[in-house]
Structure formats: structure tokens, C-alpha cells
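A.B. asks:
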Ligand code: TNX
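In this note's numbering, the protein residues as written are 5 to 759.
Right, here's the structure in full:
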């Protein structure tokens, strides 16, 4: 799954230097303008001076940043200095006239000159130069003029530290790699139902109580207390680090909904029917802040400390998925609503958001809220809308005249899985690939038929784009990096690069260098886009195998004798026809560098018919998740629509098949569905453990019914073999699970066709 090899700087140069440079400067996001020059380039050596103007400490610390970055990644030793000498040098020059965050780089035999008006531009010039250095052979940079500036001012990432807690060190690393992608906003989701993560001195129970949950095993984590929070001291250090990296941390506190942890810590400030035992659940909780003076004073008190800690002009307050039932059923709140002359709870939420917005405005800040805040027509024009509701939201918000950041779900939701590969990371079930993100245009977002495109006036309201890393399924720092990278590279490019320079083939050609940089930086990027996959069609005692990659890059080499594939192994060109049993091992190489993990598959007449849940089709897309479960040693992912556990095996070769082998796992069912009672069974059957019903076609005849057996522990799987009547033709097979209760959730692991 992960790249484990730490490539040295020189190693990268060896692998990627020549081909990359021949094509275009290997800088991601792609610069706005590149003019390649002829003749000699510049050679960067140990000791090459970084010449900075005297008396400009801002430029001095950018030069120091470049020197540190180069040293940390195995590059040359660069020395910041203010002393002009005859030696060829890298010059940092400030000059008026550049766009915000824009810069130029000029490489010629005697000098490299980075020019910008602002510190931000010089910093991004340094980042681009560092990227060029990582692909340079022997430190040689080709002569070139690069002029670059961002398309959008807001190039963001939202990180959810509430559902799972990341170490402060990981937040720092995230800021670091964001800067290397020229991403400049970290919307830091610091509170949600499942946890409160920011120390607030005035309300200590927010963290002493609200930062912890006694995770039931049902939450898919180890037993015992789970949680953590960021101290104000840690936050100050992270804010300073962000500022140095031209990034703004936009803190986010959810209100009025998604507030269970805070309400359990201070019950007087809100309403909830959830208990501490629910804090390991995912989904939408029945919890909401109150609207009385003391609840609002509490929130103002929280915001006071938030504003002291975070200099960000924008402060995010959530506003999404608030469940209004508890407001509706509270006589006190209804009385308040009437006294305010408001006709319903949506209007009351508008009033509530308005109060919070005004409080922020009087302190010189701007409110950022998810696009539900649009429902209130009185929303202040000063507020920024974070648009997540797909094609609807993307069009509605800018048309309503608000400044908008595009965070469209599912395309920009990096908690979605990135490929169909088994063994991948858990997450939401939709595939959001690099190509999907790259195809998204934040300035002209996809729209529903009949809605029409945005006109120029509405497009002007688009501040930029943001990826969302919701962390229900991202429970470790390594998984966080793998969900973010390399997709953040595509996000960065659609946010930074002028539309006419957006070019998928060019982006792909620059990806190997990006992957090598991640590796050098010790970041655990996901390599599934390059992994070799086998599409297997069984024929008589043979298997026909087509080898593919999501992104065809480099060459695939394979063996069938069990040995490890290398550059001298056979090169894959056309589908293979292998007699069974067979073992196939395959890998892709770019130049001499192995870019993907080994595919190693052993096949016989039965195993060629095996399909894991990820290779089956879901019957529906209610809430489809890719859930990980199993023992510590062996984790398996299960693709399942938790609202309708049902899978389709398309075109199953049923001729001669008399039995179906299958595996069913019991997974924790830990979901809240807002106003629906979560305990209500989603499917119905006579038995508590339930049955798996196997049909030919989802509406066709029942071929078999498997009575499911209880498992000894949640997470475990049980295998079954079931007889089916003789079939003559291939057909779609449909597997659906019906139960009388939801917990645990039974999910199909794999199916196999047997004689
Ligand atoms: C919806 S997107 C949410 C989050 C979840 C996310 C993914 C949004 C504004 N709200 O609370 O984490 O779906 O499951």
C-alpha cells in the first residue's frame, strides 16, 4: 500500500532527471507561464550562496526555508548570505508589480533569480525552485523563465481532527506539505459530535470531558479511552508555522448542530438525546445548541479565545446538518422562536447564525459556514459559503452573491476511496480518483441539467477550492497522508493553475517526481493509481488476464514462474492467456524506478471466479462505505451500503456451477441517522442474525438462502458454502442480507463460484 523506501535526493535525480526535464519543468502545480531558453543552465552545488537583500528579514527567512528544505531532502548545502560576491548565486529579489502570491524564476548560467513583490511569492518561488532541484541531474538546472501566480486566492484543505485526533506533529507536517503544493488555507475542524479538540481556558470541561470517549469496540478502535486535544500553546506554535508557510489556519467550531461533545460537557448549553456511549458513532446526531442568552454567551466566550488564538480573518462555524427536532419539541425554544417572530426552525437557525456572524464581524472577522446557511435568506453578504452540496450547492451559492469556496461532495471529499483496489484504505465508498479531481473546474463547477452555467458575475464570487478530509475512517496519521496524497496534488493544480494550462497528460508526467518527493519527505502517499490490476476472464482451464493501471504510467513487467518481476522480466503488451493453475506477479516501472507495489496473484479454476466486495457492484448507493475490519494482523475492507447491504456479481459464469462459496463478516453498526431512530431495523427478516438471499438478477428467482450464524466477535468473518440449482448460462447474481436488527452489520467479504 505505502511507499516504504525513502529515496535520497541524488537517487531521485538519477531516476527522474532527464525525461522530466526534457518535457517541461517538473513543477506541480503547473506554473502559469514557462519560457524555455537555450544554452547553458545553472549548476547548484554545496555552498551555492542564497543572496538576500540586507535589512529584509522576511526574505532572509524564506532563503533559510529553502536551505533547510534542500538539506532535509538530501539536496545541496545552500548558504543564505547578504554579501554580494562573484560566485554564481541564487538571488532573492523583491520588486513591486507582481500579483498576490506570484513570482518569477529566471535560470541562467551565472544566476538564478527569484523575484516577487510579497514574501508569499518569494516563498512559492523557493518551493518551485526546490521542486526543480529534486529532478535535476548533478544539480544542473536548464535555462528557463517562469512567471507564475495563482488562479484563486483560497486553496484549501479541511482537516477533521474531531472524529479522529491527529498529533500536533502531524498537523505541522500537513502544513509543511500543503506549502509544497502552494495550498494556503487549513480549515481546521476542531469540534464535532465525537470530540472537542481545542483547549478553552474558560470552559475546561470542553476538553477534560469533551475530548475523550470511552470507545466501545463497536467504534472499530482499541478498547479504552480515545481522544486528545490541542493545548493553546501547541496551537500558537502551529499558527506561527502556518504564517511562515503563507498559510492561514481557519479554525472551525460546529454550531448549532454537530455539537454533542460540547453539550455533554456543558449540558446547559444545548439539547441532546445522545449519551457518552454514542460518542464512538458516526453520522448525524440529535444534538443542538440552545438559543437562549446563556447558550449564546457560552459560544461567544468560546469564540473570544478562538479569535485570540487564530489571527485568521475567516472563522468557520459549521452550520451543516443541524437536526431541528429538539428545537421543535422544546416549549422554551418554541416560545423564543415566536417571540422573535420567526416562523420555523430554519428561520431560527438563520437568526442564530446571524447572531454569531455579527459577533464575529464586530471583532473584524468573517463567518464561514457550510452551504446550509444559505437556507436563511437574510444571511449577511459578508459571510463566506463553503459549498458542499454537489452540483446544487456549487451553483446556488455564487448565484446568491456570496463569496464561495467550492468544496463539492463527493468530488472534493478526500475521505472517499481513491481506487477500486482491494487492500485499499477505508473511507466513503465512492471512488474519487486523481482524474476525477483534476477534471473539476472550481470556476465553472458541474451543474444539474436545466440550471445553466454560472455567468461571469456569479463566477467572480468564487474564492477558490477546498478538499475535505473528514476523518471517520481515517484513524491514523499514516492513513491521513495516504488519503490526502497524491490527490492533494490534483487539488492544488485546479486551485492554482490557470484553466488554459490544465492538462491531464502534463499532470501525469509530473506525478512520478511528486511521488518521489513524498517518499523523500517521509510522507505515506497512496500509490494505488499506479498499481497493476489484473482483469481476469476464465476460459476453459485457462485465464485470460488483462493488466491495467488506473493511470497507465511506465511499463508493466511480469513473471509467471514465481520470481519477483524486474526490469528484465517480460514486458506486458497484450492480455495474457495462462493455463491454470498459474501464478502471476507484475509491477510497473517508470525508467528504472518501481512505482507501484507488486501484484502477486495465484489462480486456479475456482479462484479466478472469486470477487471481493470491492469487485462487486453495490445494489444501491444509500450510504456506501469501505469499512475496514478484522484482526490486527489481517485487516480486510468491506464495501457496503450500510442502508442496504446488497451486492451484484455481474455476468457470473454459472455454467457447471453447483455451489457458491462466500464469506460474511460482522461489522460494528455505529451510525446515527439524524431524526430517524437509529435502532430501527433498516431491513426486515424473521431472524435476528438474518439471512443472505441469493438471486439470479436482483428481481429474479431465489437460488438459495443462507441462514447467517452469529459470530464470536465483532469484526470476524464466517465462510459458507451453499448449493444452487444447476444453471446453464452466465447471469447477474444478487446477494442481499436481511436482518431483524442492525448491529452488528453483516457484510459480504467475497464470493466464489464452485463446481
Ligand atoms: C457530512 S460535509 C458532513 C460531515 C461528515 C461527512 C462525511 C459536511 C458539511 N458534513 O460531518 O464527516 O459528511 O461523512
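Glycine included, every Cβ here is placed at the ideal spot set by N, Cα and C.
Go through the residues and name those whose CB comes closer than 5 Å to any heavy atom of the ligand TNX, in chain order.
C.D. replies: Cβ atoms closer than 5 Å to the ligand TNX belong to 324, 374, 392 and 474.
A.B. asks: Which runs of the alpha helix (DSSP H) fall wholly inside the segment 437-512 and span at least 4 residues, in chain order?
C.D. replies: Whole alpha helix (DSSP H) segments, 4+ residues: 438-442, 460-463, 481-488 and 491-500.
A.B. asks: Specify the secondary structure class of residue 392 as computed by DSSP and reduced to three states.
C.D. replies: Residue 392: coil per DSSP, three-state reduction.
A.B. asks: Which parts of the segment 35-110 are runs of the alpha helix (DSSP H), unbroken and 4 residues or longer, counting only runs that do not cross its ends?
C.D. replies: Taking only runs of at least 4 residues, the alpha helix (DSSP H) segments lying wholly in the segment 35-110 are 61-76.
A.B. asks: Is residue 717 helix, strand or coil when you go by DSSP?
C.D. replies: If DSSP states are grouped into helix, strand and coil, residue 717 belongs with coil.
A.B. asks: In whole angstroms, what separates the C-alpha of residue 424 from that of residue 494?
C.D. replies: About 19 Å.
A.B. asks: Measuring only the C-alpha atoms, how far is residue 298 from residue 237?
C.D. replies: If you take the alpha carbons of residue 298 and residue 237, they lie about 28 Å apart.
A.B. asks: Taking residue 587 as part of the beta strand (DSSP E), name the residues at either end of that continuous run.
C.D. replies: Run containing residue 587: 586-594, per the beta strand (DSSP E) assignment.
A.B. asks: Go through its chain and collect everything with a Cβ distance to residue 378's Cβ below 7 Å, but skip five positions before and after it.
C.D. replies: Answer for residue 378: 389, 400, 401 and 404, listed in chain order.
A.B. asks: According to the neighbour-count rule (16 or more other Cβ atoms, all chains shown, within 10 Å of its Cβ), is residue 3 buried or exposed?
C.D. replies: Residue coverage of the chain in this structure runs from 5 to 759, which leaves residue 3 outside it and unanswerable.
A.B. asks: What span of residues does the beta strand (DSSP E) with residue 333 cover, start to end?
C.D. replies: Where residue 333 is concerned, there is no enclosing beta strand (DSSP E), although the alpha helix (DSSP H) it sits in stretches over 329-333.
A.B. asks: Count the other C-beta atoms from every protein chain shown that fall within 10 angstroms of the C-beta of residue 205, then say buried if there are 16 or more, exposed otherwise.
C.D. replies: Exposed, since its Cβ has fewer than 16 Cβ neighbours within 10 Å.
A.B. asks: Quick check on residue 127: buried or exposed, where buried means 16 or more other Cβ atoms within 10 Å of its Cβ?
C.D. replies: That one is buried.
A.B. asks: For residue 755 and residue 452, I'd like the C-alpha separation in whole angstroms.
C.D. replies: One C-alpha to the other measures close to 37 Å.
A.B. asks: So what's residue 752 in DSSP terms, helix, strand or just coil?
C.D. replies: Reduced to three states, the DSSP call for residue 752 is strand.
A.B. asks: CA-CA distance, residue 382 and residue 357?
C.D. replies: Distance between the alpha carbons of residue 382 and residue 357: 10 Å.
A.B. asks: Who does residue 432 pair with in a DSSP beta bridge?
C.D. replies: According to DSSP, which records beta bridges pairwise, residue 432 is partnered with 420 and 629.
A.B. asks: Mapping DSSP to helix, strand and coil, what is residue 251?
C.D. replies: Coil at residue 251, not helix or strand.
A.B. asks: Identify the continuous beta strand (DSSP E) that holds residue 264 and give its terminal residues.
C.D. replies: Premise fails: residue 264 lies in the alpha helix (DSSP H), 264-269, not in any beta strand (DSSP E).
A.B. asks: Quick one: Cα of residue 343 to Cα of residue 367, how far?
C.D. replies: Approximately 28 Å between the Cα atoms of the pair.
A.B. asks: With contact counted as at least three CB pairs below 8 Å, one residue from each stretch, are the segment 561-569 and the segment 514-528 in contact?
C.D. replies: Because the criterion of three Cβ pairs below 8 Å is not met, the segment 561-569 and the segment 514-528 do not touch.
A.B. asks: Buried or exposed: which applies to residue 577, given that a residue is buried once 16 or more other Cβ atoms fall within 10 Å of its Cβ?
C.D. replies: Exposed, by the Cβ-count rule.
A.B. asks: Relative to the C-alpha of residue 110, which residue among 172, 629 and 44 is closest?
C.D. replies: Ranking the options by Cα distance to residue 110, first place goes to 44.
A.B. asks: Please report how far the alpha carbon of residue 736 lies from the alpha carbon of residue 700, in whole angstroms.
C.D. replies: Their Cα atoms are separated by approximately 6 Å.
A.B. asks: Which residue or residues does DSSP assign as beta-bridge partners of residue 145?
C.D. replies: Paired residue(s): 46.
A.B. asks: Does DSSP classify residue 602 as helix, strand or coil?
C.D. replies: Three-state result, residue 602: coil.
A.B. asks: Excluding five sequence neighbours on each side, which residues of the same chain lie with their C-beta closer than 6 Å to the C-beta of residue 224?
C.D. replies: Any reading at residue 224 needs caution, since the residue's pLDDT is 45, under 50, leaving its predicted position unreliable; the model's value is listed next. 672, listed in sequence order.
A.B. asks: Residue 588 and residue 613 - do their beta-carbons sit closer together than 9 Å?
C.D. replies: Not in contact: residue 613 and residue 588 (Cβ atoms no closer than 9 Å).
A.B. asks: Does the beta-carbon of residue 556 have 16 or more other beta-carbons within 10 angstroms, so that it is buried, or is it exposed?
C.D. replies: Counting Cβ neighbours within 10 Å, residue 556 comes out exposed, since fewer than 16 surround it.
A.B. asks: Could you compute how far the alpha carbon of residue 372 sits from the alpha carbon of residue 621?
C.D. replies: The straight-line gap from Cα to Cα measures roughly 38 Å.
A.B. asks: Under DSSP, the alpha helix (DSSP H) around residue 746 begins and ends at which residues?
C.D. replies: Residue 746 -> no alpha helix (DSSP H), and no H or E assigned at all.
A.B. asks: Does the beta-carbon distance from residue 727 to residue 753 come in below 9 Å?
C.D. replies: Against a cut-off of 9 Å, the Cβ pair of residue 753 and residue 727 comes out as no contact.
A.B. asks: Report the rounded CA-to-CA distance for residue 88 versus residue 316, giving the unit in angstroms.
C.D. replies: Taking the straight line joining both Cα atoms gives about 38 Å.
A.B. asks: Closest to residue 195 by CA distance: which of 611, 302 and 164 is it?
C.D. replies: Comparing Cα positions, the closest option is 164.
A.B. asks: Under 8 Å: do the segment 500-513 and the segment 534-548 share three or more Cβ pairs, one atom per stretch?
C.D. replies: Counting Cβ pairs under 8 Å, fewer than three are found: no touch.
A.B. asks: Between residue 22 and the rest of its own chain, which residues show a CB-CB distance below 7 Å, the 5 nearest in sequence each way excluded?
C.D. replies: For residue 22, the predicted model reports a pLDDT of 37, less than 50, meaning its position is unreliable; a value from the coordinates is still stated below. Counting only Cβ-Cβ distances below 7 Å, and skipping sequence neighbours, we find 141.
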